[in-house]
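What follows is a short report on a single structure.
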Amino acid sequence: MQWFNVVLQGVLIGGLYAMFAAGLSLIFGVMRLVNIAHGDLIVLAAYISLIVTQAMGVDPLTSLLLVVPVMALIGYALQRGLLNRTLGEDLLPPLLVTFGLSIIIQNGLLELFTADSRRLQAGTIEILTFQVTQSVWVGALPLIQFGVAVAAVAGLQALFYKTALGRAFRATSDDQSVAQLMGLDTRHVFAMAMALSLAIVAIAGVFLAIRTNFDPAIGSARLIFGFEAVIIGGLGSMWGTLAGGIILGISQAIGAQIDPGWQLLAGHIVFLAILAVRPQGLFPKVSG
Amino acid sequence: MSRVERATRSSRIGVALVTAALVVLALAPFWGDRQTLRLLAEMLTFVALASLWNLLAGYAGLVSVGQQAFVGLGGYLLFALAILLEVHPIAAILIAGPIGALVAVPVALLIFRLRGAYFAIGTWVVAEVFRLLASQISVLGGGSGTSLPAAVVVAMAPNRQMREFEIYWLALALTAIVLGAIVALLRSRHGLALTAIRDNEQAAQSNGIDVWRIKFIVYVLTAFATSMIGALIFLQKLRISPDTAFSVNDWTAFVIFITVIGGIGRIEGPIIGTIIFFMLRQTLADLGSLYLLMMGAVAIAVMLWAPKGLWGIFAERLGWQAMPLRRHLMLEETVGKP
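Heads up: the sequence lines are chains A and B, in that order.
Everything in the first sequence is counted per the numbering used here, starting at 1 for the first residue and increasing by one.
Everything in the second sequence is counted per the numbering used here, starting at 1 for the first residue and increasing by one.
Spelled out as structure tokens, the structure:
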């Protein structure tokens, strides 16, 4: 029963990792960009939520109504103003520019908020739990978080295959120059993809900040979790990304159960093992 | 009749200047005070790290953000060998190289399955794994790290001054060897292949270059040298912990900024970059995190508007090269009068 509980908690945290990963996967799919600042943007969203909750006296989940559009706007501006200039044949510019961005966000937050760790208080919902079996309890918050993750992935999937914007995403992903010839403004399409990516980042950031303490330095670890979920699931597959996040979550939970020092290590080792035996991931869709 | 020449007038001047600089640096213990020596030794290690990263990213197209894996590995090897096996620190530095290369082989086989930017993050995961493993080693202090025992340090030299001289000369010698080896590699057949890969990977492949093999060799050699430099860095520091040994800021962010600002894909870039980086640090370090923020902004600006870095701007305008690396085809009428 104890192990059932461990796996269940792992699955639920896996939803959060899938949200870290979904934004990464989306922009990689559309423009082959890997955003090294992704983790720091998650932390940025957490701090924006902190400001909103303190200034307006709302709870963190309500603050999403503001944090999501703000992050999406930042994403659009970032892509239009900076990242579009780096896209091209050469891999180095986008990589180094997002790396620089990561350092800027991290140290900017450090300057503004100090290195103290913070936490978002969600109120009574934090302690609300349901009894599943005699010895297994599930928190309401992890359940909501997992539900939101599944909804986000399903929403992205629907957006990709059912809407005009999704069609534009797929077209630019397949062939940028042909998409342009068909009258698509790829600069705008890319900026929309980044806006959407950061909208998901906003949700992920707020749930992360309710779950654990955060400080300006924790971004890079979130980038790595998201990246591992993407690779485990297979590049370009949204449902694969969710599966990747869940596998990572379960691995970490089992590792932590064996020895607390092994929590992160177990996740990395499972990732490396999957890379060794199945480098294309479990459910691949596009090739890198 | 035609032949290929590498030397140009600027490279002859460059070689003379480098030789002179080496002599001046070798004599530094006689003209500099302790502070200067420390600063110079630190700069030398950054020149070496940045040159190695430049070889990886600038030439072989292997953009790693995980070289701290090997810096930390080298550091931990030094401490493990010196504390647990009572190996002399200098011998430990020499042993760190081959072990680093040995570790790099399976790592490369694994992460070479990832391409481009995903390769970059893959290297980071490896460095994280190393950091987490290091914090599990309880004989070396686990997560909080450990210091090099006084006995080990004292055994190196009869007094503190001699020890500091020794470490400085070691830094100079290692850096000079690393730079010399990179120049020799780039002048060799493999260097021609590497430059071809740098300019166009597909074209290089279609000309019969085994791109995977060359990249593999470069990755392993870089790990060899980076581990040795890592061991040396932590001999200077005398203290190690998982967070300092595998720090992405210290051993990767700084190194990337140095290389990008100085000029990526050129041997001179990391040297120029290190000088600029340390000049900025000496004047702006009081700003703390704002300083790092500015470095990030400068690196982005350079990447967008001067992607070849500061040295690239000069070299392109003036045709300068400090080392005889570029191959110039001399046709019959020009042979003998370059």
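For glycine and all other residues, C-beta sits at the position ideal for the given N, C-alpha and C.
- Secondary structure at I240 (chain B): strand, using DSSP grouped into helix, strand and coil.
- Taken through DSSP and simplified to helix, strand or coil, T45 (chain B) comes out as helix.
- Taken in chain order, the members of the segment 214-225 of chain A whose beta-carbon sits within less than 9 Å of a beta-carbon on chain B are P216, S220, A221, L223 and I224.
- DSSP, read as helix, strand or coil, puts S188 (chain B) in coil.
- Contact residues of the segment 111-125 of chain A toward chain B are E111 (C-beta to C-beta distance below 7 Å).
- For the segment 47-78 of chain A, the beta-carbon criterion of a distance under 7 Å to any beta-carbon of chain B is satisfied by none of its residues.
- Under a 10 Å Cβ-count criterion, W251 (chain B) is classified as buried, with 16 or more other Cβ atoms of the shown protein chains found around its own Cβ.
- Unbroken alpha helix (DSSP H) stretches of 4 residues or longer found wholly inside the segment 1-39 of chain A: 2-31, given in chain order.
- Under a criterion of Cβ atoms nearer than 7 Å, no residue of chain A is adjacent to L185 (chain B); the nearest Cβ is some 21 Å distant.
- Taking 8 Å as the cut-off, the beta carbon of L242 (chain A) is found no closer than this to the beta carbon of G281 (chain A).
- Within the DSSP secondary-structure output, T146 (chain B) pairs in a beta bridge with B:I240.
- The CB of G261 (chain A) comes closer than 9 Å to the CB of L132, S135, Q136, G142 and G143 in chain B, given here in chain order.
- Around the beta-carbon of T129 (chain A), fewer than 16 other beta-carbon atoms lie within 10 Å, marking it exposed.
- In this model, G141 (chain B) and I103 (chain A) are separated by some 29 Å (Cα to Cα).
- Residue range P89 to I111 is occupied by the alpha helix (DSSP H) that includes G100 (chain B).
- By the criterion of at least three beta-carbon pairs nearer than 8 Å, the segment 141-157 of chain B is not in contact with the segment 95-103 of chain B.
- When the beta-carbon positions are compared, V211 (chain B) and I197 (chain B) come within less than 8 Å of each other.
- By the neighbour-count definition (other C-beta atoms within 10 Å, threshold 16), A80 (chain B) is a buried residue.
- Residue pairing for G139 (chain A): DSSP places it in a beta bridge opposite A:T129.
- In the structure shown, the three-state DSSP call for R213 (chain B) is helix.
- Linking Q9 (chain A) to R266 (chain B) through their CA atoms gives a straight-line distance of about 50 Å.
- For D40 (chain A) against Q106 (chain A), the beta-carbon gap comes to about 5 Å, under 8 Å, which counts as contact.
- The beta carbons of V218 (chain B) and L55 (chain B) sit closer together than 8 Å.
- Of the other Cβ atoms in all chains shown, 16 or more fall within 10 Å of the Cβ of F20 (chain A); this residue is therefore buried.
- Straight-line measurement puts the Cα of M71 (chain A) at about 26 Å from the Cα of A140 (chain A).
- Using a Cβ-Cβ cut-off of 8 Å, W251 (chain B) does not count as an interface residue toward chain A, since no Cβ of chain A sits closer than that to its own.
- Using beta-carbon distances, V139 (chain B) does not count as an interface residue toward chain A, since no partner is under 8 Å.
- The beta carbon of A223 (chain B) sits closer than 6 Å to the beta carbons of F70, G100, A101 and A104 from its chain, once the five residues preceding and following it are set aside; these are given in chain order.
- For a cut-off of 8 Å, the C-beta gap from L96 (chain A) to I272 (chain B) is around 17 Å, too long to register as a contact.
- Here DSSP, grouped into helix, strand and coil, assigns F257 (chain B) to helix.
- The C-beta distance from L110 (chain A) to S10 (chain B) rounds to 43 Å, too long to meet the 8 Å contact threshold.
- For the segment 99-124 of chain B, residues whose beta-carbon sits nearer than 8 Å to a beta-carbon of chain A comprise L110, I111, R113, L114, R115, G116, A117, Y118, A120, I121, G122 and W124.
- By the rule that beta-carbons nearer than 8 Å mark a contact, V97 (chain A) touches chain B.
- Of A:I27, A:V132 and A:V58, the smallest CA-CA separation from Q2 (chain A) is found for A:V132.
- Contact with chain A is absent for G273 (chain B), since none of that chain's Cβ atoms lies less than 8 Å from the residue's Cβ.
- As the crow flies, the alpha-carbon of F277 (chain B) is around 6 Å from that of I258 (chain B).
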